[in-house]
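In numbering that gives the first Met the number 0, the protein residues as written are 0 to 334.
Have a look at the structure below before the remarks.
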Amino acid sequence: MLNKDNVTVIMPAYNEEKHIRDAVNKVVNQKWSGNLEIVVVDGGSTDRTAAIMKEIIPTLPPNRSLQILYNPQKHIPVSLNMACLHASSDIIVRTDAHTYVPDDYVLETVNTLEEIEYQGIAGGRIIIYPGEETCIARAISLAVRHPLGVGNAAYRTLGSDVVKPLDVDTVPFGAFSKALWEDLGGYDESLLFDEDYDLNYRAREKGYRVVLNPKIVLTYFSRKNLNLLWKQYFRYGFWAYKFCQKHKIIPSIRRFIPAAFVIGFFLLLLVGFFWTFKLFGLYLLAYLLPIIMVSLYEGLKKKRGMLFSLCLVPVFPVLHFSYGLGSILSLIKRK
């Protein structure tokens, strides 16, 4: 029988001095009358992340505790396994230092787990805010939640009209029993990214459910410039294909299209040098036309302005090329 009164919230962090205080306080101030054990694993931050957490500890109420662990390897799945191993509760709720959770996050995720008799992983959807208040940052925050940018990931694109919990392939972060974590062998530390998707996939393969409760809405801050966005999605593409290689599965359409597009782009460019650029021009036009139309719609029709449209146009190619090139490199470097 699980003890539902005590919950452990786990959070990996690295150089998050801008967000860590608010991220931790959002957990501390949960509408949860039971005990909350907060375990933050610092991946060797070089800023004030650890110092800020130490400042929070003396201010905690009696039914809240904050413990700081240190992960010299820095990698997120290692941090998550350290936190889960350290957890003293039967129920584990994962969050992130770059994400703010609603004040009913623990309550709703635990209730959702209870509804499926703790035989699975429960999570919510995310709303995405700009990493800073600039035009390009606002454009990035829209692109990473737009179907043209990320495909059909339910937790990013789910509309507010959906109100009932539904079974999905993955949820961001999520909550689960410690027994489930042990049964799955923890997070795969060989996958430096995509660790959540991998855990969700292995859970489904073992017969567990992965349930998204639309009432759970998390706030995520997207990257603030194109350089950081490129690095992030290049890693996503690389490790998404490592995940597919590990499980010997064919990438989903959402994961396959960027790599296929990039391969087609360079093949037709090569054909242009030796024959004609007409095919390449048509290919490029067919690619850019929907991007321009979406950018104009989001900027002008939604009254964000022409400058927003101009900022949005380059964001989609950055998403597609970085993810696609990361995927291709992953295929080349199979080991």
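Even glycine gets a Cβ: it sits at the ideal position worked out from N, Cα and C.
Where residue i and residue j are concerned, what is the direct C-alpha to C-alpha distance, given to the nearest angstrom?
i, j, result
"Val209", "Cys134", "36 Å"
"Tyr207", "Val100", "24 Å"
"Ala258", "Gly185", "30 Å"
"Val23", "Ala96", "8 Å"
"Tyr232", "Tyr322", "5 Å"
"Ile249", "Leu179", "26 Å"
"Leu190", "Pro76", "7 Å"
"Thr169", "Tyr196", "6 Å"
"Thr108", "Asn2", "15 Å"
"Pro164", "Gly263", "39 Å"
"Arg124", "Arg144", "11 Å"
"Leu306", "Tyr296", "12 Å"
"Leu59", "Ala86", "18 Å"
"Val261", "Leu269", "12 Å"
"Tyr219", "Tyr128", "6 Å"
"Asp187", "Phe272", "44 Å"
"Pro61", "Ile55", "13 Å"
"Thr94", "Tyr282", "41 Å"
"Ala50", "Lys230", "27 Å"
"Ile19", "Asp46", "11 Å"
"Arg234", "Ile327", "11 Å"
"Cys335", "Leu35", "Residue numbering for the chain in the displayed model covers 0 to 334; residue 335 lies beyond these limits and cannot be assessed."
I'd like to check one pair, residue j with residue i: are the Cβ atoms closer than 7 Å?
i, j, result
"Asn5", "Ser88", "yes"
"Ile139", "Val312", "no"
"Gly130", "Lys223", "yes"
"Val361", "Trp31", "In the structure as shown, the chain begins at 0 and stops at 334. Residue 361 is therefore absent and cannot be evaluated."
"Arg253", "Ala239", "no"
"Pro11", "Val40", "yes"
"Leu65", "Met81", "no"
"Gly173", "Ile126", "no"
"Gly236", "Gly325", "yes"
"Thr48", "Leu217", "no"
"Leu211", "Gly148", "no"
"Ser308", "Ser294", "yes"
"Gly43", "Lys17", "no"
"Phe242", "Asp193", "yes"
"Leu198", "Val317", "no"
"Arg63", "Val8", "no"
At a threshold of 6 Å, does residue i count as lining the ligand GDP (C-beta to nearest heavy atom)?
i, result
"Gly325", "Questions concerning the ligand GDP fall outside what the structure shown contains, since it holds no ligand whatsoever."
With H, G and I counted as helix, E and B as strand and the rest as coil, what does DSSP make of residue i?
i, result
"Val162", "coil"
"Tyr200", "helix"
"Ser140", "helix"
"Val317", "helix"
"Val40", "strand"
"Tyr296", "helix"
"Ile19", "helix"
"Pro146", "helix"
"Pro289", "helix"
"Ser78", "helix"
"Val170", "coil"
"Val92", "strand"
"Asn5", "strand"
"Tyr322", "helix"
"Pro71", "coil"
"Leu65", "strand"
"Gly280", "helix"
"Ile51", "helix"
"Gln57", "Note that residue 57 is Pro in the sequence shown, not Gln. Helix."
"Asn110", "helix"
"Asn34", "strand"
"Tyr104", "helix"
"Phe175", "strand"
"Ile135", "helix"
"Ile115", "coil"
With 7 Å set as the bound, which would you pick, yes or no: does the beta-carbon of residue i sit closer than that to a beta-carbon of chain D?
i, result
"Ser251", "Chain labels in this structure do not include chain D; a single protein chain is all it has."
Inset, instruction - Report yes or no: do three or more beta-carbon pairs, one from the region 279-294 and one from the region 197-208, lie closer than 8 Å? - result: The region 279-294 makes no contact with the region 197-208, as fewer than three CB pairs between them are under 8 Å.
Inset, instruction - Please list the segments of the alpha helix (DSSP H) lying wholly inside the region 208-274, counting only runs of 4 or more residues, in order along the chain. - result: Complete alpha helix (DSSP H) runs here, min 4: 225-246 and 252-273.
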